[in-house]
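Chemist:
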Amino acid sequence: MSDPPGHRFKWRGLALVTLFSTLWTIAVAFPVWREPAAYVFGPELVGRHHDPFTVMEQYEAGTVPRPYFQPATDGPGILLAKAAGGVTAYNTLILASFVLTAVLAYLHAHHVIGSSAGAAVAAMLFAQAPFHVAQAAYHVHIAQIQWIPLFFLLLWRALDAPGPTRATVTGLALLLVAAASLYLGFVTAVVAPVAALAFAQARPRSSRPAAFAWCAAAFAGAAAVAFAVTAWWSPEVLRNPEAFAFPAGAVEPHSARWWSYLLPPAAHPWLGSVSLDYWRSAGVGEGLLEQQVSLGASVIALAAIGMLSRPTGGVGREVPRVALCLTAAVALLCSLPPTATIGSLQIPMPSALLFHLAPMFRAYARFGVVVSLMVTTLAGAGVAILLARRSRASTTLATVLVALAAFEYFPAHAARDTLPTSAHRALAGLTNVRMFDCTPPTPGTTGGVGWLMRAEVMFPAGPFEDCSEPQFGAKLALFGFTVLVADASSAGMWIRAGGVVEGTRVLQDHADATTFAVIAQPPSVYIVELPGFYAREIQGAASWRWMPQHASITLANRTATAAGGTLEMELDAFDGMRRLRIAAPGHPDLTIEVDARRQWHRVGPLRLPPGTSQLALTADQAAAPGGVLAAGDRRPLSVRLHQWRWLPE
């Protein structure tokens, strides 16, 4: 219902919204509040990604690369990191964004609606929107959506009473949005002129010219300041914008599907699996995070009431319904893929033009944040209208729809460890740890791990690419590694199936990973790598590497004198018997016969000089697998290498 005259109810509502949003944030992210240096907010919807950890490290280092520095977010982040560290600073910005969003969305909705109850509902819905929760899990800058309702509040006020002061403040608010997040600044700048035109049309005709002129001045001034700051701070963006451009093919997967606004959020604890199944069946993978723009059926229903019902005193002013609806519609269109296909007809969408003008932006689904703001504001108006009718049926309907909205926006467990596994957490902070992590390196899965653990961490690469190779513990010992961690990926599956990492012993066995102590002695001679062999294959506790017709074995003698010994290899042949010729520098060629039986073969005695030596292996023939079991595998195969060992003289 509308507030009585005076501001008492407005500020009481603001206090309640501040309190409730703070309690909500603490409740859903309690582990982050308890240990802000060990956890990060949000469900890991698309797996571990490097973005949050890169920003944390930048904050702690006190520097962000110039083209990507966004001062309204990164400045406070760097200052907070000086006192509390990069992880805590990052988490503070994320959690504060929920409270600030609720506060500023309340002020925006109250100005539009004039009802504390309706504004409170609108504020909490926008602050807890699936877009905000999903983006806050990965992108601290995109999470700073609080400045968008502030901008629109000031825009509406500037259009209500046009003048230089309000126009200047509106332009500064637009710059603040961009200073917090370049993406959100871009989104807001695109939608703002449409919103201003639509809102001004509802004003008296006599005030429209002044409203248009002052808004145009505000937008032009903000654009001029943004251009001047970019030219001074990051001139390379203007000189060579192609260097920051995304490929055109990146736009479509990062654009919203229209039905993403209707599906439940993927992180919903009970309905999320339904959405995930649908997105996967539609081929949505890479841009799944960007599809989290759900509005919720109950929120849409409340917004429809706010849009279509005749006010009965439930709002304190005439709600600019058309302006809110048109702004939401334009933002929704901008969020869609570059081309809409209807039968054989292909219709270009606004994102195609926008990408042509600003190719450094690819995630047009982020226009969904404006859709969410406008729709939740209309939903607040719907609540105010229903409560103002003062009938049992209307009050019940409002209560039921708000309860359903709370259910639809209910988040999953909103905290996760900054480190990939429990094994990493157990080792974090320990001194004299040099760790080898068997996880295949990617920017997401392994990003920031060493920095977060405050330890030296190495991942599979080069001579260390294969955690399940024979004598791997001895190789790790040679290079000073003290522990090995294997998670549930291929090496971890092999270990849990009974595979043994030679030269190690289990130190700790966690549910999601196993830690091994390196106990082997550093070898004097070891196999560095196997050039030409195919990648290791694993089946249960067994593992092997196939050889084509030609390959080699690189051995290293780490002593200062020649080392004598014999290389033993456990081999079997593919499709019959193979003759394998082995050439070692300074030794006569050796030919061994390998058949389908798995057995050990001796190469030597060999005398290896200090440094590396290479054995050249040539099979008399190699054949591609055939039949049903080949499953499309057309690799030429000759012999299979299971294990090896060096026996010194």
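Counted from 1, the sequence shown has number 1076 at position 220 by the working numbering; the numbering is strictly sequential.
Glycine included, C-beta positions come from ideal geometry on N, C-alpha and C.
Within 10 Å of its beta-carbon, does Gln1395 have 16 or more other beta-carbons around it, so buried, or fewer, so exposed?
Modeler: On the sequence shown, position 539 is the one that residue 1395 refers to. With fewer than 16 other Cβ atoms within 10 Å, it is exposed.
Chemist: Helix, strand or coil for Asn1288 per DSSP?
Modeler: Counted from its first residue, the sequence shown places residue 1288 at position 432. Coil, per DSSP.
Chemist: Report back the beta-carbon spacing between Glu1146 and Ala1219 to the nearest angstrom; my notes put them in contact at under 8 angstroms.
Modeler: Locating residue 1146 in the sequence shown gives position 290, where the first residue counts as 1. Locating residue 1219 in the sequence shown gives position 363, where the first residue counts as 1. Going by Cβ atoms, the distance from Glu1146 to Ala1219 rounds to 5 angstroms, so yes, they are a contact pair.
Chemist: Residues in its own chain within less than 6 angstroms of Arg1454 by CB, not counting five upstream and five downstream?
Modeler: On the sequence shown, residue 1454 is found 598 positions in, with the first residue counted as 1. Closer than 6 angstroms at the Cβ level, and outside the excluded window around Arg1454, lie Asp1428.
Chemist: Whole-angstrom Cβ separation of Glu1505 and Gly1420, contact assumed at under 8 angstroms?
Modeler: The residue labelled residue 1505 in the question sits at position 649 within the sequence shown. The residue labelled residue 1420 in the question sits at position 564 within the sequence shown. About 4 angstroms; that satisfies the 8 angstroms criterion.
Chemist: Taking just the CA atoms, how far does Val1381 sit from Thr1422?
Modeler: To locate residue 1422, count along the sequence shown from 1; it is residue 566. To locate residue 1381, count along the sequence shown from 1; it is residue 525. One C-alpha to the other measures close to 11 angstroms.
Chemist: In the DSSP assignment, find the beta strand (DSSP E) that holds Leu1462 and state where it starts and stops.
Modeler: Counted from its first residue, the sequence shown places residue 1462 at position 606. Here the beta strand (DSSP E) through Leu1462 covers Gln1455 to Leu1464.
Chemist: Return the Cβ separation of Val1178 and Ala1058 in integer angstroms, given the expectation that the two are a contact with Cβ distance under 8 angstroms.
Modeler: For the purposes of this step, residue 1178 is taken as the residue at position 322 of the sequence shown. For the purposes of this step, residue 1058 is taken as the residue at position 202 of the sequence shown. With 8 angstroms as the limit, Val1178 and Ala1058 qualify as a contact, their Cβ atoms being about 7 angstroms apart.
Chemist: Here's the rule: buried if 16 or more other CB atoms are within 10 angstroms of the residue's CB, otherwise exposed. What is Trp1377?
Modeler: Against the sequence shown, residue 1377 aligns to sequence position 521. Looking at the sequence itself, residue 1377 is Gln, so the reference to Trp does not match. Exposed.
Chemist: Per DSSP, what kind of secondary structure is Thr874 in: helix, strand or coil?
Modeler: Numbered from its first residue, the sequence shown carries residue 874 at position 18. It is helical.
Chemist: In terms of alpha-carbon separation, which member of Ser1090, Arg1272, Glu1385 and Gly1336 lies closest to Pro1319?
Modeler: Here residue 1319 is taken as the residue at index 463 of the sequence shown, counted from 1. The option with the nearest alpha carbon to Pro1319 is Glu1385.
Chemist: Opposite Trp1500 in the DSSP bridges: which residues?
Modeler: For the purposes of this step, residue 1500 is taken as the residue at position 644 of the sequence shown. DSSP, once it has assigned bridges, lists Met1425 as partnering Trp1500.
Chemist: Along the beta strand (DSSP E) that carries Met1314, what are the first and last residues, could you check?
Modeler: In the sequence shown, residue 1314 corresponds to position 458, counting from 1. Segment Glu1312 to Met1314, the beta strand (DSSP E) holding Met1314.
Chemist: Under DSSP, the alpha helix (DSSP H) around Gly1177 begins and ends at which residues?
Modeler: Residue 1177 sits at position 321 when you count from the first residue of the sequence shown. At residue 1177 the sequence reads Arg, which differs from the Gly that was named. Per DSSP, Arg1177 belongs to the alpha helix (DSSP H) from Arg1177 to Ser1191.
Chemist: Starting from the C-beta of Val1043, find all residues in its chain whose C-beta is less than 7 angstroms away, skip the five residues before and the five after it, and write them out in chain order.
Modeler: Walking along the sequence shown from the start, residue 1043 turns up at place 187. Around Val1043: Arg1222, Phe1223, Val1225 and Val1226.
Chemist: Exposed or buried, Val1484, counting other C-beta atoms within 10 Å across all chains shown (16 or more means buried)?
Modeler: Here residue 1484 corresponds to residue number 628 of the sequence shown, with the count starting at 1. The predicted model places Val1484 with a pLDDT of 45, which falls under 50 and marks its position as unreliable; any figure quoted below should be read in that light. Exposed: under 16 other Cβ atoms inside 10 Å.
Chemist: If you run the structure through DSSP and keep just helix, strand and coil, what is Arg1491?
Modeler: Here residue 1491 refers to the residue found at position 635 when the sequence shown is read from its first residue. The answer is coil: DSSP assigns Arg1491 none of H, G, I, E or B.
Chemist: Got a sec? Which residues, its chain only, sit under 6 angstroms from Met912 by beta carbon, not counting five neighbours each side?
Modeler: Position 56 of the sequence shown, counted from the start, is the residue given in the question as residue 912. Cβ within range, chain order: Gly942, Val943 and Tyr946.
Chemist: Report yes or no: do three or more beta-carbon pairs, one from the region 989–1000 and one from the region 892–900, lie closer than 8 angstroms?
Modeler: Result yes; three or more Cβ-Cβ pairs closer than 8 angstroms.
Chemist: What's the call for Phe954, buried or exposed, on a 16-neighbour Cβ count within 10 Å?
Modeler: On the sequence shown, position 98 is the one that residue 954 refers to. By the 10 Å Cβ count, Phe954 comes out buried.
Chemist: Ser1345: which of Thr1338, Val1339 and Ala1353 sits nearest, CA to CA?
Modeler: On the sequence shown, position 489 is the one that residue 1345 refers to. Looking at the Cα atoms, Ala1353 is the closest of the given residues.
Chemist: Taking all protein chains shown into account, decide if Arg1136 is buried (16 or more other Cβ within 10 angstroms of its Cβ) or exposed.
Modeler: To locate residue 1136, count along the sequence shown from 1; it is residue 280. Flag for Arg1136 reads exposed.
Chemist: Excluding five sequence neighbours on each side, which residues of the same chain lie with their C-beta closer than 6 angstroms to the C-beta of Pro1194?
Modeler: One-based indexing of the sequence shown puts residue 1194 at position 338. Within the same chain, Pro1194 has close Cβ partners Val1107, Met1205, Ser1207 and Ala1208.
Chemist: Enumerated in chain order, which unbroken segments of the alpha helix (DSSP H) with a length of 4 residues or greater are wholly contained in the region 1320–1408?
Modeler: List check, alpha helix (DSSP H) in window: 1328–1334 and 1346–1352.
Chemist: Under the criterion of a Cβ to heavy atom distance below 7 angstroms, does Val1226 qualify as lining the ligand SAH?
Modeler: Ligands displayed in this structure: none; no statement on the ligand SAH is therefore possible.
Chemist: From the DSSP output, in three-state form, read off Ile1004 for me.
Modeler: Looking up residue 1004 in the sequence shown gives position 148. Note: Ile1004 maps to helix in three-state DSSP.
Chemist: Please name the residue in Ser1116, Ala1034, Val1130 and Ala1254 whose C-alpha comes closest to that of Ile998.
Modeler: By 1-based counting over the sequence shown, the position of residue 998 is 142. Ile998 has its Cα closest to that of Ala1034, out of Ser1116, Ala1034, Val1130 and Ala1254.
Chemist: List, from N- to C-terminal side, the alpha helix (DSSP H) runs of 4 residues or more that fit wholly inside the region 1030–1110.
Modeler: Those alpha helix (DSSP H) runs which fall completely within the region 1030–1110 and span 4+ residues are 1038–1056, 1064–1089 and 1091–1095.
Chemist: Pairs of beta-carbons, one from the region 1239–1255 and one from the region 998–1018, closer than 8 angstroms: are there three or more?
Modeler: These segments do not touch.
Chemist: Shortest alpha-carbon distance to Phe982 belongs to which of Ser1131, Val1155, Trp1070 and Thr1086?
Modeler: Here the question's residue 982 lines up with position 126 in the sequence shown. With distances taken between Cα atoms, Phe982 lies closest to Val1155.
Chemist: Under a three-way DSSP split, which group does Ser1228 fall into?
Modeler: Within the sequence shown, numbered from 1, the residue matching residue 1228 stands at position 372. Here Ser1228 sits in helix by DSSP.
Chemist: Specify, as a first and last residue, the run of the alpha helix (DSSP H) that Ser1250 falls within.
Modeler: Sequence index remark: in the sequence shown, residue 1250 carries index 394 (1-based). It spans Arg1248 to Glu1264 - the alpha helix (DSSP H) in which Ser1250 sits, taken as one unbroken run.
Chemist: Sort Gly1105, Glu1142 and Val896 by Cα distance to Thr881 and report the nearest one.
Modeler: Position 25 of the sequence shown holds residue 881. Ranking Gly1105, Glu1142 and Val896 by Cα distance to Thr881 puts Val896 first.
Chemist: Identify every run of the alpha helix (DSSP H) within the region 909–984, keeping only runs that are complete inside it and at least 4 residues long; order them along the chain.
Modeler: You should have 927–940, 942–969 and 972–983.
Chemist: Could you give the DSSP three-state label for Pro1020: helix, strand or coil?
Modeler: To locate residue 1020, count along the sequence shown from 1; it is residue 164. Three-state result, Pro1020: helix.
Chemist: Kindly list the residues whose CB is nearer than 7 angstroms to the CB of Ala1478, restricted to its own chain and excluding five residues on each side of it in sequence; keep chain order.
Modeler: Locating residue 1478 in the sequence shown gives position 622, where the first residue counts as 1. The answer, listed in chain order, is Pro1404, Gln1405, Pro1492, Leu1493 and Ser1494.
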